[in-house]
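Notes to accompany the following structure.
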Amino acid sequence: MTDLSAADVTDLFRTVSLRIGEARAALGALDGAIGDGDHGNSMAEGFAALTRALVSATREGKGAGELFPIAAESFLDAVGATTGPLYASAFLSAGQLFSGMDSIPAARIPELVTAFHDGIARRGKAGVGDKTMLDAWRPAARAVAAAGPDPLAALAAAEAAASEGRDATRAMVAALGRAARLGSRTLGHIDPGAASAVIILQGLREGLTARLARGAS
Amino acid sequence: MAVKPESGVLAEMPMRFGDDALLWAAWLYYEDGLTQSDIAQKMGLSRASVNTWLADARARGLVNIEIQPEHFRAVSVARGLKDHFGLHDCLVIPSEGDGKPLIERLGQAGAMVLKRLVRSGDTLAVTWGRSVLALASALDHPGLADIRVVQATGSTTARIAWTPEACASRLASALGARWIPLAVPAIVSSPAMRAMLMEEPVLAEQLQVLSEANRIIMGISSMRPESTIHSSGFLEGVDRHAHYQDAVGSLLGRFISARGELVSGPVNDRTIGLDLDGLRRVPQKIAVAGGIDKVAAILAALRGGLIDVLVTDAATARGVLTADGWQESSRRPAPAATVPTATRSHGKKLINEARNAVDESLAGALMAHEALISLVPGTSRAVMAKHGPRPGKVGIVIGGGAGHEPGFWGYVGQGLADAAVVGNIFAAPPPGPILAASRAVDGGAGLLYIFGNFSGDVMNFEMAREMAEAGGIPVRQIITTDDIASSEPDSRGSRRGVAGNVFVFRIAGAAADLGASLEACEAVTRRAAQRVYTMGLALEPARLPDTGRPGYELGADEMEIGVGVHGEPGVERQQLVSADDAADLLLDRILSEMAPSRGDRVAVLVNSLGGTPAMELYILTRRIRQRLTAHGITVSHMLVGPYYTSLDMAGVSLSVLHLDDELAALMDHPCDAPALMSKGGRA
Numbered sequence: 000m001t002d003l004s005a006a007d008v009t010d011l012f013r014t015v016s017l018r019i020g021e022a023r024a025a026l027g028a029l030d031g032a033i034g035d036g037d038h039g040n041s042m043a044e045g046f047a048a049l050t051r052a053l054v055s056a057t058r059e060g061k062g063a064g065e066l067f068p069i070a071a072e073s074f075l076d077a078v079g080a081t082t083g084p085l086y087a088s089a090f091l092s093a094g095q096l097f098s099g100m101d102s103i104p105a106a107r108i109p110e111l112v113t114a115f116h117d118g119i120a121r122r123g124k125a126g127v128g129d130k131t132m133l134d135a136w137r138p139a140a141r142a143v144a145a146a147g148p149d150p151l152a153a154l155a156a157a158e159a160a161a162s163e164g165r166d167a168t169r170a171m172v173a174a175l176g177r178a179a180r181l182g183s184r185t186l187g188h189i190d191p192g193a194a195s196a197v198i199i200l201q202g203l204r205e206g207l208t209a210r211l212a213r214g215a216s
Numbered sequence: 000m001a002v003k004p005e006s007g008v009l010a011e012m013p014m015r016f017g018d019d020a021l022l023w024a025a026w027l028y029y030e031d032g033l034t035q036s037d038i039a040q041k042m043g044l045s046r047a048s049v050n051t052w053l054a055d056a057r058a059r060g061l062v063n064i065e066i067q068p069e070h071f072r073a074v075s076v077a078r079g080l081k082d083h084f085g086l087h088d089c090l091v092i093p094s095e096g097d098g099k100p101l102i103e104r105l106g107q108a109g110a111m112v113l114k115r116l117v118r119s120g121d122t123l124a125v126t127w128g129r130s131v132l133a134l135a136s137a138l139d140h141p142g143l144a145d146i147r148v149v150q151a152t153g154s155t156t157a158r159i160a161w162t163p164e165a166c167a168s169r170l171a172s173a174l175g176a177r178w179i180p181l182a183v184p185a186i187v188s189s190p191a192m193r194a195m196l197m198e199e200p201v202l203a204e205q206l207q208v209l210s211e212a213n214r215i216i217m218g219i220s221s222m223r224p225e226s227t228i229h230s231s232g233f234l235e236g237v238d239r240h241a242h243y244q245d246a247v248g249s250l251l252g253r254f255i256s257a258r259g260e261l262v263s264g265p266v267n268d269r270t271i272g273l274d275l276d277g278l279r280r281v282p283q284k285i286a287v288a289g290g291i292d293k294v295a296a297i298l299a300a301l302r303g304g305l306i307d308v309l310v311t312d313a314a315t316a317r318g319v320l321t322a323d324g325w326q327e328s329s330r331r332p333a334p335a336a337t338v339p340t341a342t343r344s345h346g347k348k349l350i351n352e353a354r355n356a357v358d359e360s361l362a363g364a365l366m367a368h369e370a371l372i373s374l375v376p377g378t379s380r381a382v383m384a385k386h387g388p389r390p391g392k393v394g395i396v397i398g399g400g401a402g403h404e405p406g407f408w409g410y411v412g413q414g415l416a417d418a419a420v421v422g423n424i425f426a427a428p429p430p431g432p433i434l435a436a437s438r439a440v441d442g443g444a445g446l447l448y449i450f451g452n453f454s455g456d457v458m459n460f461e462m463a464r465e466m467a468e469a470g471g472i473p474v475r476q477i478i479t480t481d482d483i484a485s486s487e488p489d490s491r492g493s494r495r496g497v498a499g500n501v502f503v504f505r506i507a508g509a510a511a512d513l514g515a516s517l518e519a520c521e522a523v524t525r526r527a528a529q530r531v532y533t534m535g536l537a538l539e540p541a542r543l544p545d546t547g548r549p550g551y552e553l554g555a556d557e558m559e560i561g562v563g564v565h566g567e568p569g570v571e572r573q574q575l576v577s578a579d580d581a582a583d584l585l586l587d588r589i590l591s592e593m594a595p596s597r598g599d600r601v602a603v604l605v606n607s608l609g610g611t612p613a614m615e616l617y618i619l620t621r622r623i624r625q626r627l628t629a630h631g632i633t634v635s636h637m638l639v640g641p642y643y644t645s646l647d648m649a650g651v652s653l654s655v656l657h658l659d660d661e662l663a664a665l666m667d668h669p670c671d672a673p674a675l676m677s678k679g680g681r682a
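Here the protein sequences come in this chain order: A and B. Position 86, counted from 1, in the first sequence is what numbering that gives the first Met the number 0 calls 85; the numbers after and before it change by one each time, with no gaps. Position 611, counted from 1, in the second sequence is what numbering that gives the first Met the number 0 calls 610; the numbers after and before it change by one each time, with no gaps.
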């Protein structure tokens, strides 16, 4: 099966960054309804900075596994806020998984979903139904655990589960973060963090689909 | 209700109108657009009577939705639920009323509903819980014949008052009916035990009655720790996260997913009573449930087709509908939208590129105040005092998102903070620059971090603290929670930290300047943070530089109470009031929590959130001072101006620090920073 080099992993993140960038305004609008409206900007700036950092790291000859701590640091420095530490933890957790690896087998890419979830959960400590990004990441990670060996099918299952989780946040009352102060006024609104989680998963699947279509390198 | 119907036809009146036939008539006429003859026919009245009723409705102001909006809104939401989920009927009661608890009022409403639905010869199944017991307790309806009331499940723990037996027996006696218990526990120890019990003839007979039920009255439980399903002992000894993490609610002791499907787990094969398939076969399923925490559970049950008649309250009903994407339809006739909103749809701003706004503004501040502050070397958004650090002095590091100017760099200087770190607009700074600032101002006596209670700030400052401590710098932190609008007094820990920070910075800076140890600095700063109270209101929301658009909309005559210092909406919205009323509104909330005695001293900050001019601030200040004087409170320190802003938000916040001798002395200590300068003594 195909292995993903550092350049390939950078491409994956580039696709994610592209899709997050396209959703910048939409995510901002979701956040404006129940938060302060900065989620679209934070995510877009964060992934843009991350992609820039990965591009130069790849150029310097870093291995695929070495990219994740760089992703964490660049994202965190660009974003701060809540999103920064949460996704930085996600990327660090993925880094432990692939540490020292020059390339990553395509079959192991869905493990990113699990690692992202674990990192976010450790840092954020949100519970089920707290109306946070974990309400999308948690079902996604479980879908990956239940999926078969085909990485694209696993990512598709993760994406579907995350979408369902995202939609379910509509019926939740925020328990953490800035939206928590709005209490029941958050009902009926999708959590922006759950929405961007789905976009990340879509980007990963799109990126991996494109990479596998090119065949072994 | 004075009007009595002329005949018995009102039995057909939809339940959502309660007992109020007049409201129904008014609704049919004004909302549904029926003619008076149509209404006469539908209600079984003469046309002349309808005419009189409608006149009466007008005279009572019932049809004027401005006067009776709550009733009509509840009716409209009830109709929304009925249409959206295909219910037989739905009764929505106001969420707040006459001081009685919601459960009790839901019980009364449920009793009224049941009275209209129950018929002689019925077999009524009944579950358990607070709402069901309240219904049974509120009901008194003897006189029907041959009714059987059967427990829908076996028995639960007797630690609760609302057991299945209590609910069923109470209901049976209210109806003069026969009570059929299920003479087993609801949960038994094993599937094998369940199989054995099911063979018992007595139980089989009772279960046969249950299968003949033509109506069921049930409560719905959320999955919250305090919910009925937990207190009933169903989840004892079960790892909920391993088995029931998809469950959003429960009914009949069964767990359901967001789509209303059964979530199977270890308890399932050990439960005795009606299951979800059995429930679906009951011709009329009446649910009584309310409270915002139950929205997800009720929505799931509705989606799963497990409810035919719903009794709930308006806030919950609206929550369920909005959660499912429903929007309240515009009222008819639609008033012409001629009133412009107060919100300028697109703010004009003097910026260059939006993405450079934070850095360019900070660069200007550094130039304007070059004698006092400079960048921490190697950083772009960490600012430190020019005169520091001082060996042996505790370093004060503050920070938060940009957009609060002169927060946070304005409070860096002698007698105040040693360093401030800002992030993007309304977003916490990352740990990197906080750490750099920490190293730059460490004078060997440790550092005190002070920041507002926002999850981003907490995470980033805590990460920085871990790194600083790993490098041998002891760090203590004060997370401020002065915004009393953001949650109730008993959960002060979850409140936001806002403009009261100015006083907290001042106290910490003075203590550190006077040479207090890290422990002493932390203690007195914590006391200041606990004794400062802030309450804000907005007339217009803030607009972000990159979109120019407000985060939320406010009508021309509205104000938002309890806003924070970001774009986030407040906690409630009300009609715009005069300056004195606004001042009273802010001050009354603060005084009721602060509970000062006559003769106490306070420090007061009347703060502009960015768009409110000095003229208005001083009008408010006048009233606040008059009120405090009348209350016997001395204002020993007073600040008026844009000290802690929220971009261009029009609005104010009032912060009051309840002084004691030590805090008053520290407030008298001199300070010299860009936004705050005092030669000492009373400001």
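All C-beta atoms, glycine included, are put in the ideal place defined by N, C-alpha and C.
Nearest to residue i (by Cα), restricted to the options the options
i	options	result
SER102 of chain A	A:THR168, A:GLY62, A:GLN201 and A:LEU29	A:GLY62
ILE449 of chain B	B:GLY442, B:ILE483 and B:THR524	B:THR524
ILE472 of chain B	B:TRP23, B:VAL503 and B:ALA439	B:ALA439
ALA173 of chain B	B:TYR617, B:GLU539, B:VAL148 and B:GLY414	B:VAL148
LEU447 of chain B	B:ASP276, B:ALA426, B:PRO100 and B:VAL503	B:VAL503
CYS89 of chain B	B:MET111, B:ASP647, B:ALA176 and B:PRO100	B:MET111
LEU21 of chain B	B:SER48, B:SER36 and B:GLN40	B:SER48
VAL127 of chain A	A:PRO148, A:MET100 and A:GLY164	A:GLY164
ARG464 of chain B	B:PHE425, B:VAL497, B:ILE560 and B:ILE397	B:ILE397
LEU101 of chain B	B:VAL287, B:ARG317, B:LEU604 and B:GLY470	B:VAL287
GLU571 of chain B	A:ALA70, A:GLY187 and A:SER183	A:SER183
SER654 of chain B	B:VAL91, B:ALA212 and B:LEU584	B:LEU584
TYR617 of chain B	B:GLU204, B:THR628 and B:PRO641	B:PRO641
Exposure label - residue i; buried when at least 16 CB within 10 Å
i	result
ARG331 of chain B	The predicted position of ARG331 of chain B is uncertain, since its pLDDT is 40 and thus under 50; no value can be drawn from it.
THR155 of chain B	buried
ASP612 of chain B	Inspection of the sequence shows that residue 612 of chain B is occupied by Pro rather than by Asp. Looking at its Cβ environment, which holds fewer than 16 other Cβ atoms inside 10 Å, PRO612 of chain B is exposed.
PRO334 of chain B	With a pLDDT of 38 at PRO334 of chain B, under the threshold of 50, the modelled position of that residue is not reliable, and no figure is offered here.
LYS124 of chain A	exposed
ALA212 of chain A	exposed
ALA145 of chain A	exposed
PRO200 of chain B	exposed
GLN150 of chain B	buried
VAL338 of chain B	Note that VAL338 of chain B scores 40 on pLDDT, short of 50, meaning its location in the model is unreliable; the coordinates nonetheless yield the value given after this. Answer is exposed; the Cβ neighbour count stays below 16.
ALA336 of chain B	Residue placement at ALA336 of chain B is flagged as unreliable, the pLDDT there being 38, under the threshold of 50; the coordinate-derived value follows with that caveat. Burial call: exposed.
PRO191 of chain A	buried
SER591 of chain B	exposed
LEU133 of chain A	buried
SER683 of chain B	Residue 683 of chain B lies beyond the range of chain B shown here (0 to 682); nothing can be said about it.
GLY7 of chain B	For GLY7 of chain B, the predicted structure reports a pLDDT of 45, less than 50, and the residue's modelled location is therefore unreliable. The matter cannot be settled from this model.
For residue i: DSSP bridge partner residues
i	result
TRP178 of chain B	B:VAL148
ILE397 of chain B	B:ALA419 and B:ILE449
Interface partners of residue i on chain C, CB under 7 Å
i	result
GLY94 of chain A	In the structure shown, chain C does not exist; the protein chains are A and B.
Rounded Cβ spacing between residue i and residue j (contact assumed at less than 8 Å)
i	j	result
GLU158 of chain A	LEU200 of chain A	4 Å
GLN529 of chain B	ASP556 of chain B	So it is not a contact: roughly 37 Å between Cβ atoms.
Give, in chain order, every residue of the region 455-486 of chain B whose Cβ lies closer than 7 Å to some Cβ of chain A.
Of all residues in the region 455-486 of chain B, GLY455, MET458, ASN459, MET462, SER485 and SER486 have a Cβ within less than 7 Å of some Cβ in chain A.
The region 395-427 of chain B: positions lying closer than 8 Å to chain A by Cβ:
Within the region 395-427 of chain B, the qualifying residues are GLY400, GLY422, ASN423, ILE424, PHE425, ALA426 and ALA427.
Chain-ordered residues of the region 283-308 of chain B with a beta carbon less than 7 Å from chain A
Flagged, chain order: ILE291, VAL294, ALA295 and LEU298.
Along the region 31-61 of chain A, where does the CB come closer than 9 Å to a CB of chain B? Name the residues.
Listed by position, the residues of the region 31-61 of chain A near chain B (Cβ gap below 9 Å) are GLY31, ALA32, ILE33, GLY34, ASP35, GLY36, ASP37, ASN40, SER41 and GLU44.
Output, in sequence order along the chain, the residues in the region 109-124 of chain A whose CB is closer than 9 Å to any CB in chain B.
Within the region 109-124 of chain A, contact with chain B at the beta-carbon level (separation under 9 Å) is assigned to ARG122 and GLY123.
Interfacial residues, the region 520-547 of chain B to chain A, with Cβ spacing under 8 Å:
Per Cβ criterion, the list reads LEU543, ASP545 and THR546.
The region 75-86 of chain A: positions lying closer than 9 Å to chain B by Cβ
Flagged, chain order: LEU75, ASP76, ALA77, VAL78, GLY79, ALA80, THR81, THR82, GLY83, PRO84 and LEU85.
Taking a cut of 9 Å between CB atoms, which residues from the region 124-140 of chain A lie near chain B?
Here the close residues are VAL127, GLY128, ARG137 and PRO138.
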